[in-house]
Amino acid sequence: HGHAPMELYGELGTVFVPDPNFFGGEVRFTDAAKPVKKLPKWNHPFGVPNEMHGQGMMANYRTAGLADMAIAIAEGRPHRCSMELALHAVDVMTGILRSGESGKYVTMQTTCERPAALGVKDAKALLAKKN
10 HGHAPMELYG ELGTVFVPDP NFFGGEVRFT DAAKPVKKLP KWNHPFGVPN EMHGQGMMAN
70 YRTAGLADMA IAIAEGRPHR CSMELALHAV DVMTGILRSG ESGKYVTMQT TCERPAALGV
130 KDAKALLAKK N
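Pasting the structure below:
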């Protein structure tokens with residue numbers, strides 16, 4: 010146990026996730042036969058530290074989804090933060106809690122369409138619109 014802010018255990022390995030309240034941070038993974046490995050860093054604008062916190066500079070872009078939604082509505086395109094995605098995210102989070110409490114696998118009750126990725130180009134455009 011590395012005691013990362015979040016550790017997700019699966020049939021084939023474990024993923025160690027940084028503080029989910031922020032963007033960026035080190036993601037690590039392992040399986041039963043191999044040592045822990047770091048995933049390569051992704052050069053994404055939302056991974057750039059932009060706010061000081063108790064642990065130092067952190068990447069905090071919490072309003073990115075809301076900004077994308079407002080721009081998408083204005084442009085007449087689907088936004089990435091759909092109601093179905095939000096419901097599924099809550100299902101996954103409560104499923105993790107239920108699994109931890111029971112020690113058993115939990116089947117999700119919902120699904121959703123995967124939204125278009127907010128890639129590097131889109132993130133840079135979104136950040137440029139804030140000024």
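For the sequence shown, the positions run 10 to 140 when our numbering is used. Think of the CB as a built atom: it goes at the ideal place given N, C-alpha and C, for glycine as much as any other residue. Source: prediction; values computed, not measured.
A straight line joining the alpha-carbon of A41 with that of L21 spans about 7 angstroms. A direct Cα-to-Cα measurement between K47 and A83 gives close to 39 angstroms. In the displayed model, A68 falls within a strand according to three-state DSSP. Between the region 123-138 and the region 80-94, the count of C-beta pairs closer than 8 angstroms reaches three or more; the two stretches touch. The beta carbon of H97 sits closer than 6 angstroms to those of T119, C121, all from its chain and outside the five residues before and after it, given in chain order. For F31, the secondary structure class from DSSP, reduced to helix, strand or coil, is coil. Rounded to the nearest angstrom, the gap between the Cα atoms of K130 and Y114 is 38 angstroms.
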